[in-house]
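Each number in this note's numbering corresponds to the 1-based position in the sequence shown with 117 added. Note that CB positions come from ideal geometry on N, CA and C, so glycine has one too. Computed from a predicted structure; not experimentally measured.
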Amino acid sequence: MNFRLCRRVGTALIVLLLSACAARQGAAPVVDLGRNWQTAQLALEQGRQRYEQGRFDQAVMWLDEALTLGLRNTEDNVEAHKLAAFIACVQSRPDDCRRHFGELLAIDPDFELARAEVGHPMWGPVFREVKRSATAR
Numbered sequence: 118m119n120f121r122l123c124r125r126v127g128t129a130l131i132v133l134l135l136s137a138c139a140a141r142q143g144a145a146p147v148v149d150l151g152r153n154w155q156t157a158q159l160a161l162e163q164g165r166q167r168y169e170q171g172r173f174d175q176a177v178m179w180l181d182e183a184l185t186l187g188l189r190n191t192e193d194n195v196e197a198h199k200l201a202a203f204i205a206c207v208q209s210r211p212d213d214c215r216r217h218f219g220e221l222l223a224i225d226p227d228f229e230l231a232r233a234e235v236g237h238p239m240w241g242p243v244f245r246e247v248k249r250s251a252t253a254r
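This is the structure:
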């Protein structure tokens, strides 16, 4: 009697374990938007740090990742585009510099560079040109 009970319980456990291992067909993946946002924030922080260290190639990689993952608020999006524009200008990539400034102004049309930034010889003139073009539309 005891043997039969153990055998039934054992069989039930095996069936249960095997069914737990079976792959679900057609199940949609679950996307955790909160996790993407947190990852985007971390990528922005890494980009900011690399920018401050003068490691521009790495900074651009992190900033692009932050923008791709989707930053949650306007300020973070603006900062990511601004830093990417600064780097593009310094690296003699004027089209990328203009594009990032254009995307920044599409997010925040009233944005202005800080006093110390607006006078920079590399990106100051590009920003003014893009801003003039954006307000003329």
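Query                                                                                                                                                                      : Result
Keeping to the same chain, check which residues put their C-beta closer than 8 Å to that of Ile224; ignore five residues upstream and five downstream.                     : Thr191, Asn194, Val195 and His198
In three-state DSSP terms, what is Asp225?                                                                                                                                 : coil
Would you kindly work out how many angstroms separate the C-alpha atoms of Ala157 and Ala253, rounded to a whole number?                                                   : 33 Å
Within the same chain, show all residues whose beta-carbon is closer than 7 Å to that of Trp240, passing over the 5 residues directly before and after it, in chain order. : Ala202, Phe203, Cys206 and Cys214
Quick one, are the C-beta atoms of Ala176 and Arg189 less than 8 Å apart?                                                                                                  : no
Cα-Cα, which of Phe173, His237, Arg232 and Asp227 is closest to Arg249?                                                                                                    : Asp227
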